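What follows is a single structure, written as structure tokens, with notes after it.
Numbering (full-length UniProt numbering), first residue to last: 1 to 221.
As structure tokens, then:
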């Protein structure tokens with residue numbers, strides 16, 4: 001399981017530079033449509049997104065930090081309780097090749113290997129509102145239509161995140177297309193995708209899943 005999850009990295013890139021309405025890149029997710037979605041809290045503050053991959057494990061981005069967090073599993077609204085299950089995280093496992101900091105000695109942090117597993121204090125109870133996202137049986141291919149979900153907003157917004165979960169359709173891009181947008185940034189260990197409406201995901205989307213055919217293909221970095 002861990003070996004498979006360590007391959008699930010994603011880079012999301014805007015497909016153009018058009019200035020659109022901040023809401024245009026996504027729409028509110030249907031209630032209960034993302035039963036694997038996890039919101040991670042540092043105390044009472046929303047910290048990052050994540051995805052349930054097993055009854056006892058959540059996958060998120062390593063740059064979200066390895067501090068103890070609270071996980072709301074099956075969450076689609078940060079202020080409402082609608083069947084989510086709350087669990088404390090007790091252990092973190094960061095990808096061994098992740099560069100977590102920068103400085104005169106440490107290497108500069110990159111988005112490569114930006115993955116971390118979080119162990120839940122108690123297994124969640126699976127049901128209609130809480131379900132683990134399946135691992136892929138094949139890799140997503142350029143042109144595949146996929147989905148991301150998160151609470152982030154665009155830079156034009158004055159708030160850091162939305163209260164309700166937003167779903168956005170994206171297209172898997174080829175390595176050649178990725179190189180045009182960010183030369184030398186996207187490696188062979190990463191999946192590259194572009195938002196159809198020219199918008200870029202935000203920091204509050206970090207750790208959320210890239211979902212293709214209801215399988216996990218990557219983690220937003």
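Glycine included, C-beta positions come from ideal geometry on N, C-alpha and C. Note that this is a predicted model, so its numbers are computed, not measured.
Item                                                                                                          : Value
Exposed unless 16 or more other CB atoms sit within 10 angstroms - verdict on residue 123                     : exposed
Option in 211, 173, 61, 151 with minimal Cα separation from residue 166                                       : 151
Classification of residue 30 by the beta-carbon crowding that lies within 10 angstroms, buried from 16 upward : exposed
According to DSSP, residues forming a beta bridge with residue 116                                            : 60, 94
Which of helix, strand or coil DSSP assigns to residue 209                                                    : strand
Three-state secondary structure assigned by DSSP to residue 16                                                : Confidence at residue 16 is low in this model, with a pLDDT of 44, below 50, so its placement is unreliable and the value that follows should be read with caution. Correct three-state label for residue 16: coil.
Exposed unless 16 or more other CB atoms sit within 10 angstroms - verdict on residue 85                      : buried
Distance between beta carbons of residue 48 and residue 206, contact taken as under 8 Å                       : 5 Å
With 16 other Cβ atoms within 10 Å as the buried cut-off, status of residue 87                                : buried
Whole-angstrom distance between residue 46 and residue 215, CA atom to CA atom                                : 25 Å
Limits of the unbroken alpha helix (DSSP H) element including residue 180                                     : 175-181
Residue 219 (DSSP reduced to helix, strand or coil)                                                           : strand
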